[in-house]
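These notes concern the structure reproduced below.
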Amino acid sequence: MKLDITRYLQRIGLKEIEDANYDTLLQLQLQHMLHVPFENLNVMYNIPIPLDVENYYKKIVLEQRGGFCYELNGLFNSLLKNLDFNTYFISATVKRPDGTWAKPGLHASLIVELDQPYLVDVGFGDSTRMPLPLTGEIREDVSGVYRVAKVKEKIFDLQRKESDHRWRTLFRADITPRELTDFKEACHFNQNSPESHFTQKEIVSLATLNGRITLSGDTLITTEEGEVQKIAVDEDDQSSILDECFGIKLEQLL
Numbered sequence: 355m356k357l358d359i360t361r362y363l364q365r366i367g368l369k370e371i372e373d374a375n376y377d378t379l380l381q382l383q384l385q386h387m388l389h390v391p392f393e394n395l396n397v398m399y400n401i402p403i404p405l406d407v408e409n410y411y412k413k414i415v416l417e418q419r420g421g422f423c424y425e426l427n428g429l430f431n432s433l434l435k436n437l438d439f440n441t442y443f444i445s446a447t448v449k450r451p452d453g454t455w456a457k458p459g460l461h462a463s464l465i466v467e468l469d470q471p472y473l474v475d476v477g478f479g480d481s482t483r484m485p486l487p488l489t490g491e492i493r494e495d496v497s498g499v500y501r502v503a504k505v506k507e508k509i510f511d512l513q514r515k516e517s518d519h520r521w522r523t524l525f526r527a528d529i530t531p532r533e534l535t536d537f538k539e540a541c542h543f544n545q546n547s548p549e550s551h552f553t554q555k556e557i558v559s560l561a562t563l564n565g566r567i568t569l570s571g572d573t574l575i576t577t578e579e580g581e582v583q584k585i586a587v588d589e590d591d592q593s594s595i596l597d598e599c600f601g602i603k604l605e606q607l608l
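According to the numbering used here, numbering within the sequence shown proceeds without interruption in unit steps and concludes at 608.
Below, the structure is given as C-alpha cells:
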C-alpha cells in the first residue's frame, strides 16, 4: 500500500526520514508509541476490525485513533516498507502474568532486518520502545530492562527483568515470516471470543516520556518514573478522559 508518508509521520510527531538505519528505526518506534495508543474500543463497541491496512491508515492517521496488534504493527510495517526497511510479520504467543500461555500465535509482531534481525513491536502495549536484537543482548528504556532469548531454532522469548531480578517472558515468537492475512483466525478470535482479553473491558494505553497512562475499564492508571497512581473513573467522565489523555473522540464510535 502506498501511504501518505508525510501525513503518517506528522501523526507520530516527525517531519521527515532520511536513511533506513537503526537510529531511524529507533526514532520511528519510540515516536509511534508516544503518539498512537494501544486500544480495543472498536472491539468493545462491536465495530469489526478487518485485516486491511487502508482501514488502519484511515483509523490511526486520519481519525487520530489507535488499535491493537494487527492494526498498529500492520500499519507500522507498511510505513517501514515505504521507507525502504526490510521488514516482515511474525507470530507470537503471549505469556500471561500468572505464568499460563494464551492461545498460540494470536499476537502479530515484526522482524526488521538491518545489520542483523531486530524484534520490533508497537502493538503490545506496555513493552519495550526500542528494536531488540535476537542475540540476548540486554537493552533498557524508561519502561524496563529487556532481552530476546533464544529458545530453539526460530523460537525466541521477549523477556523483561522484574523487580526481583528474574526474567519474565512476555511472549514467545516464531520468527518464520508471515503475511498479515495469516492472522485472520487470530484477529477474529480476539474480537469475538469471550476468552479473548480484548472482549472483557476497555483498554486504552499510551506511552509517555517518563512512563505510561492507561484506562483499564473504570480505572485510570498513571505511571511516572516508576510511581503508579490509580484513579476511579465514572462512566460520565470516560469521554473527556479519552479525549484529554489519548486524543480519542468517543462520538466517533457511537
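For every residue, glycine included, the Cβ atom is placed at its ideal position computed from N, Cα and C. Here the structure is a predicted model, which is why all the values come from computation and not from measurement.
Suppose the cutoff is 8 Å on Cβ atoms and the five residues either side in sequence are ignored; what does the same chain contact list for residue i look like?
| i | result |
| --- | --- |
| V582 | I575, T576 |
| T482 | D475, R493, D495, S497, G498, Y500, L512, R514 |
| L534 | L405, V407, Y424, G428, N431, F443, A462 |
| G580 | G565 |
Excluding the 5 residues flanking residue i on each side, which residues of the same chain have their C-beta closer than 6 Å to its C-beta?
| i | result |
| --- | --- |
| I585 | L574 |
| E393 | G420, V558 |
| C599 | I567 |
| N396 | I403 |
| L363 | none |
What does DSSP give as the partner residues of residue i in its beta bridges?
| i | result |
| --- | --- |
| E581 | E578 |
| K369 | Answer is none; K369 lacks a bridge partner. |
| G421 | F392 |
| V502 | L512 |
| N440 | E467 |
| T523 | Q513 |
| A446 | H461, A527 |
| Y472 | V466, P487 |
| T573 | S570, A586 |
Does DSSP put residue i in a helix, in a strand, or in coil?
| i | result |
| --- | --- |
| T482 | coil |
| E467 | strand |
| A540 | helix |
| R493 | strand |
| F600 | helix |
| T535 | helix |
| V415 | helix |
| I567 | strand |
| V558 | strand |
For residue i, I'd like the list of residues in its chain whose CB is within less than 7 Å of its CB, leaving aside the five on either flank, ordered along the chain.
| i | result |
| --- | --- |
| D480 | S497, S559, R566 |
| K538 | L405 |
| A540 | G459, L460 |
| D572 | A586, V587 |
| I401 | L607 |
| K508 | D528, I529, T530 |
With residue i and residue j assumed to form a contact (beta carbons below 8 Å), what rounded beta-carbon distance in angstroms separates them?
| i | j | result |
| --- | --- | --- |
| Q606 | E425 | That belief does not hold up - the Cβ atoms of Q606 and E425 are roughly 15 Å apart, past 8 Å. |
| L473 | L512 | 6 Å |
| V407 | L379 | Incorrect: roughly 19 Å between the Cβ atoms, too far for contact. |
| L357 | L433 | 6 Å |
| F422 | G477 | 6 Å |
Exercise for the section: Tell me, please, whether the segment 381-401 touches the segment 360-369 by the rule of three or more beta-carbon pairs shorter than 8 Å. Expected result: Contact holds: three or more Cβ-Cβ distances are below 8 Å.
Handout entry: Three-pair Cβ contact test at 8 Å for the segment 517-533 versus the segment 424-444
Key = Yes: the two stretches touch, three or more of their Cβ pairs being nearer than 8 Å.
Problem - Inter-stretch contact at 8 Å, needing at least 3 Cβ pairs: the segment 433-440 / the segment 461-471 - result: Yes, the segment 433-440 touches the segment 461-471.
Problem - Cβ contact (3+ pairs, closer than 8 Å) linking the segment 447-461 and the segment 518-526 - result: Yes, the segment 447-461 is in contact with the segment 518-526.
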